[in-house]
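Down below is the structure, laid out as structure tokens.
In the working numbering, the protein residues as written are 10 to 168.
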């Protein structure tokens with residue numbers, strides 16, 4: 010409808026207002042609307058599209074998020090990977106494992122963090138593979154995730 014059409018407006022404020030309106034209605038976009046969101050020229054709209062999947066059933070959100078994984082913007086892909094890992098959508102462990110080889114360090118770190126924190130046998134097997142790998146950078150990322158500091162700068166090993 011009218012509100013959906015405002016997602017193409019040149020004004021960021023207008024687009025933000027449209028997104029808020031759609032979010033209030035627990036908007037579940039049709040496949041055609043999903044395609045329009047994926048093709049939207051504004052990254053803020055595509056990022057909002059990831060957030061819209063939070064109210065969608067996993068089976069509905071999965072193909073949409075898979076498409077968003079292919080976005081040309083890292084910030085959009087970051088949110089899509091985060092949502093897939095957080096909600097354990099589709100072949101989420103395989104997706105996170107593949108993301109550990111992404112060109113972007115933040116993406117790799119996100120994937121390792123989601124795998125580490127999920128504590129499932131399949132994800133822990135990937136973490137074990139990282140520990141045993143020759144990939145020094147992934148091992149460093151894992152070490153940073155495993156070793157947190159308190160507010161006094163003292164190291165705390167996460168459980």
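Backbone N, C-alpha and C define an ideal beta-carbon position, used for all residues, glycine too. Source: prediction; values computed, not measured.
If you measure between the beta carbons of residue i and residue j, is that distance less than 7 Å?
{"i": "residue 135", "j": "residue 124", "result": "yes"}
{"i": "residue 52", "j": "residue 74", "result": "no"}
{"i": "residue 94", "j": "residue 105", "result": "yes"}
{"i": "residue 113", "j": "residue 83", "result": "yes"}
{"i": "residue 54", "j": "residue 24", "result": "yes"}
{"i": "residue 27", "j": "residue 46", "result": "no"}
{"i": "residue 98", "j": "residue 121", "result": "no"}
{"i": "residue 102", "j": "residue 133", "result": "no"}
{"i": "residue 35", "j": "residue 62", "result": "no"}
{"i": "residue 67", "j": "residue 85", "result": "no"}
{"i": "residue 116", "j": "residue 110", "result": "no"}
{"i": "residue 147", "j": "residue 139", "result": "yes"}
{"i": "residue 59", "j": "residue 30", "result": "no"}
Taking DSSP as the reference, what is the three-state secondary structure of residue i?
{"i": "residue 168", "result": "With a pLDDT of only 44 at residue 168, under 50, the local geometry of the prediction cannot be trusted, and no value is derived from it."}
{"i": "residue 64", "result": "helix"}
{"i": "residue 156", "result": "strand"}
{"i": "residue 108", "result": "helix"}
{"i": "residue 44", "result": "helix"}
{"i": "residue 23", "result": "helix"}
{"i": "residue 51", "result": "coil"}
{"i": "residue 142", "result": "coil"}
{"i": "residue 93", "result": "helix"}
{"i": "residue 147", "result": "helix"}
{"i": "residue 29", "result": "helix"}
On the DSSP letters alone, give me the boundaries of the alpha helix (DSSP H) that residue i sits inside.
{"i": "residue 11", "result": "11-14"}
{"i": "residue 36", "result": "Run containing residue 36: none; DSSP gives neither H nor E here."}
{"i": "residue 117", "result": "114-127"}
Contact criterion: CB-CB distance below 7 Å. Does residue i meet it with respect to chain B?
{"i": "residue 100", "result": "Among the chains in the structure shown there is no chain B, since it carries only a single protein chain."}
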